[in-house]
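Numbering (this note's numbering), first residue to last: 67 to 336. Glycine residues also receive a C-beta, built at the ideal position from the N, C-alpha and C atoms.
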């Protein structure tokens, strides 16, 4: 990095992967999921290099101008297109609208942006039905968490309903420069095609309300979105097979999906 005049920037949460064996394993999972590839946060190109070597169509998005310029020079004339862009803005740039549907997202995600990026991928699942991501190990555990534990939360429910998600392998903190304070894990996602946008929005409405007062029971959830208020809410809970005296973390993703389906057609903003 010194020879290139590049140093990690804290505001971008940059921890560069330098372990080639880990990079090879990530790309092997990505290739199993299938091209074309969108790489989020290409950094110094540890994953980009292997995707280029494979000759697969790849768009690598990098928000850091200096890194984007470095990558453009390095991968000119290859199957990799480098874009200086931010993945998160909604609705996204022209590059996103023109990306072919059916792609796989690959990325070593900044720890501070992991949650919003995973949420964004849920919204874009028709374009990117698959992903292989490197995340903080604790975050990966939360995404895969089962009902009843402290790690189980909003993202756990969403991901369980929308996808088949799997922890692939752990990654030690020493595999990065600079070394973060925690270990990481590689995590794959295969989104299901049968959950449409309206169903997901209704799911978001009930799950956000349920977890808004996590220490209290579901009957105490804020349900301003629902005509009839708490009384109607408790009726919907009971008809969906959910105990109103339960807490949010005790309810299964399948039960939340039934509750979402029981909402009136226009429950209001969630």
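In terms of residues, what are the limits of the alpha helix (DSSP H) holding residue i?
i, result
"residue 174", "From DSSP, residue 174 is part of no alpha helix (DSSP H) but of the beta strand (DSSP E) over 170-174."
"residue 160", "160-163"
Can we count residue i as close to the ligand MN, meaning its CB is less than 6 Å from some heavy atom?
i, result
"residue 317", "Annotation note on the ligand MN: not contained in the displayed structure, which lists no ligands."
With 16 other CB atoms within 10 Å as the buried threshold, where does residue i fall?
i, result
"residue 212", "exposed"
"residue 319", "buried"
"residue 198", "buried"
"residue 235", "exposed"
"residue 203", "buried"
"residue 315", "buried"
"residue 186", "buried"
"residue 245", "exposed"
"residue 135", "exposed"
"residue 131", "exposed"
"residue 271", "buried"
"residue 208", "buried"
"residue 178", "exposed"
"residue 86", "exposed"
"residue 155", "exposed"
Take residue i and list the residues in its own chain whose beta-carbon comes closer than 6 Å to its own, dropping the five residues that flank it on each side.
i, result
"residue 232", "254"
"residue 84", "243"
"residue 220", "273 and 277"
"residue 205", "180"
"residue 112", "83 and 89"
"residue 123", "101, 102 and 145"
"residue 175", "183, 199 and 201"
Could you give the C-beta distance for residue i and residue j, rounded to a whole number, given that I count them as a contact under 8 Å?
i, j, result
"residue 82", "residue 110", "5 Å"
"residue 285", "residue 310", "4 Å"
"residue 97", "residue 120", "6 Å"
"residue 173", "residue 128", "About 11 Å separates the two Cβ atoms, so there is no contact after all."
"residue 321", "residue 306", "6 Å"
"residue 117", "residue 95", "12 Å between Cβ atoms; not a contact."
"residue 148", "residue 138", "5 Å"
Under DSSP, the beta strand (DSSP E) around residue i begins and ends at which residues?
i, result
"residue 93", "Element bounds for residue 93: not the beta strand (DSSP E) but the alpha helix (DSSP H), 86-99."
"residue 202", "196-202"
"residue 255", "250-257"
"residue 234", "229-237"
"residue 325", "That residue, residue 325, is in no beta strand (DSSP E); its alpha helix (DSSP H) goes 319-328."
"residue 217", "Where residue 217 is concerned, there is no enclosing beta strand (DSSP E), given that its DSSP letter is neither H nor E."
Assign residue i to one of three DSSP states: helix, strand, or coil.
i, result
"residue 191", "coil"
"residue 297", "helix"
"residue 291", "coil"
"residue 127", "strand"
"residue 106", "strand"
"residue 114", "helix"
"residue 266", "helix"
"residue 146", "strand"
"residue 277", "helix"
"residue 154", "coil"
"residue 138", "helix"
"residue 305", "helix"
"residue 313", "strand"
Which residues in the same chain have their Cβ closer than 7 Å to the Cβ of residue i, if we skip the five residues on either side of it in sequence?
i, result
"residue 237", "88, 200, 249, 250, 251 and 252"
"residue 166", "102"
"residue 265", "326"
"residue 214", "315 and 316"
"residue 181", "221"
"residue 323", "227 and 269"
In chain order, what residues of the same chain have a beta carbon less than 8 Å from the beta carbon of residue i, not counting five sequence neighbours either side?
i, result
"residue 228", "188, 191, 257, 258, 261 and 266"
"residue 330", "292 and 293"
"residue 295", "289"
"residue 196", "99, 100, 169, 170, 171, 254, 255, 256 and 257"
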